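Just so we're on the same page, this note's numbering is the position in the sequence shown counted from 1, plus 2. Here is the structure we will look at.
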Amino acid sequence: MDYLKEFTAKIQSLDRSRSPYEVFKDFLTLSAYSLAQPFYRSEEIELKYKYISSKYTKEQAEEFPKLLAFLVSALEKRHQDFLGEVFMQMNLGNAVNGQYFTPYRVSKMMSKLTGIHVKKYANSEIMTLCEPCCGSGAMIIAFAECLLEQDINYQHCLYVEATDIDEMCYKMAYIQLSLLEILAKVIWGDSLSMRYNEVLYTPFFFLGDFQQKLEDREKTNKMKDMLSENTSTTQIVTGNQLKLFKFL
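Next up, the structure:
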C-alpha cells in the first residue's frame with residue numbers, strides 16, 4: 003500500500019468545507035494529544051482535544067484514527083519523515099518562513115557523515131541530542147536509525163531535546179518521535195529567546211528509569227564541573243602513603 007498517497011487523499015477528502023492545511027493541522031493536534039494524554043492526564047489537553055473534535059461530524063471524526071493508522075504502518079515499515087513528506091507534497095509550508103524540509107535521504111547521509119564514535123553508548127551511557135530547529139524531526143529520526151545500524155538500541159541511551167517555533171512542526175516531531183519510541187522533550191517555542199509555549203515529553207520517557215538516569219548524570223556532571231573549577235591541590239596521608247587530590 004502507498005501510505006503517503008492514501009494519507010494525502012484522505013486529508014483532502016475528509017472535509018471539503020475546510021482547507022487541507024486546517025484538516026492536517028487538526029489531525030496533528032488530535033494525534034499529539036491522544037498520545038500524550040494517557041501520561042499527562044491533563045484537563046487542558048482534554049478540553050483542546052474535545053474542541054477540535056467538535057468541529058467535525060461523527061463520521062468525519064472517525065477518519066482521524068485511520069489517518070494515524072496510516073502513519074503508524076508507514077513508520078513500522080521503515081524509519082522515515084512521513085509527516086514531513088506529507089507537509090511538502092501538499093504544499094503546506096510557509097515560504098516566507100523558509101519552511102522547506104530536508105529530504106530524509108539527505109538527513110540520513112548527514113547523520114552518517116557526523117563521524118561521531120558512538121560504540122561506547124552500547125553500554126547504556128546516555129547520549130544527549132539537541133535540535134533547536136527540529137522541523138518534523140527528520141534529523142533526529144535519521145540519527146536514531148544510524149544508531150540501530152550500529153547495533154545500538156537508542157531507547158536505552160538516546161535523549162533528545164527538540165524545539166521548533168512553528169506549532170505544526172512541533173506536533174509533527176512529537177508524533178513521529180513518540181511512535182518511533184524515541185525519548186524526547188519536544189518544545190514549541192523560540193530557541194533564541196528561550197520563550198516556550200508548550201512542552202511535551204514523548205511516552206517512552208515515562209517508562210523505565212530513564213528520568214532517574216538523567217538526574218544521576220546531571221549530579222555527576224555538576225560534581226565534575228565543581229572539581230574542574232578548582233585547581234588547588236593538597237596532600238593527605240592515608241596510612242603510610244601520600245596522595246594528591248583536588249578538593250573544594
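By construction, the Cβ of each residue, glycine as well, lies at the ideal position given by its N, Cα and C atoms. Bear in mind that the values here come from a model prediction, so they are computed numbers and not experimental data.
If the five residues before and after valine 74 are omitted, its C-beta is found closer than 8 Å to the C-beta atoms of Leu181, all from its own chain and listed in chain order. Taking each of Gln91, Ala38, Arg80 and Pro40 in turn and checking the Cα distance to alanine 11, the smallest one comes out for Gln91. Boundaries of the alpha helix (DSSP H) around glycine 86: 84–91. Taking C-beta atoms under 8 Å as the contact rule, tyrosine 51 and leucine 32 qualify, at a distance of about 6 Å.
When the Cα atoms are used, serine 195 and glutamine 101 turn out to be separated by approximately 20 Å. Note on aspartate 153: under 16 other CB atoms within 10 angstroms of its CB, so exposed under the neighbour-count rule. Bounds of the alpha helix (DSSP H) holding aspartate 28 are 22–42. Shown here, aspartate 166 sits in a strand according to DSSP, grouped into three states.
Contact annotation: valine 88 and leucine 30 have beta-carbon atoms that are not nearer than 8 Å. The distance from the Cβ of alanine 63 to that of leucine 202 is about 22 Å, inconsistent with a contact at the 8 Å cut-off. No residue range can be given for isoleucine 128, since it is assigned to no beta strand (DSSP E) and is classified by DSSP as neither H nor E.
Secondary structure of lysine 12 (DSSP, three-state): helix. Nearest neighbour of tryptophan 190 by Cα position, chosen from Met170, Lys114, Gly86 and Pro22, turns out to be Met170. Taking C-beta atoms as the reference points, cysteine 159 and methionine 129 count as a pair closer than 8 Å. The DSSP-derived three-state label of lysine 187 is strand. Annotated three-state conformation of glutamate 231 is coil, per DSSP.
Where tyrosine 53 is concerned, the enclosing alpha helix (DSSP H) starts and stops at 45–55.
Counting C-beta atoms within 10 angstroms of its own C-beta, leucine 150 has fewer than 16 neighbours from the protein chains shown and is therefore classed as exposed. For cysteine 159, the three-state secondary structure derived from DSSP is helix. The DSSP-derived three-state label of arginine 18 is coil.
Straight-line measurement puts the Cα of valine 188 at about 24 Å from the Cα of lysine 79.
With a 10 Å radius around the Cβ and a threshold of 16 neighbouring Cβ atoms, serine 109 comes out buried. When DSSP reads this structure, glutamate 133 sits in a beta bridge with Ala164. If you check the CB distance, glutamate 200 and threonine 165 do not come in under 8 Å.
Nearest C-alpha to lysine 57 among Asp17, Lys173 and Lys221: Asp17.
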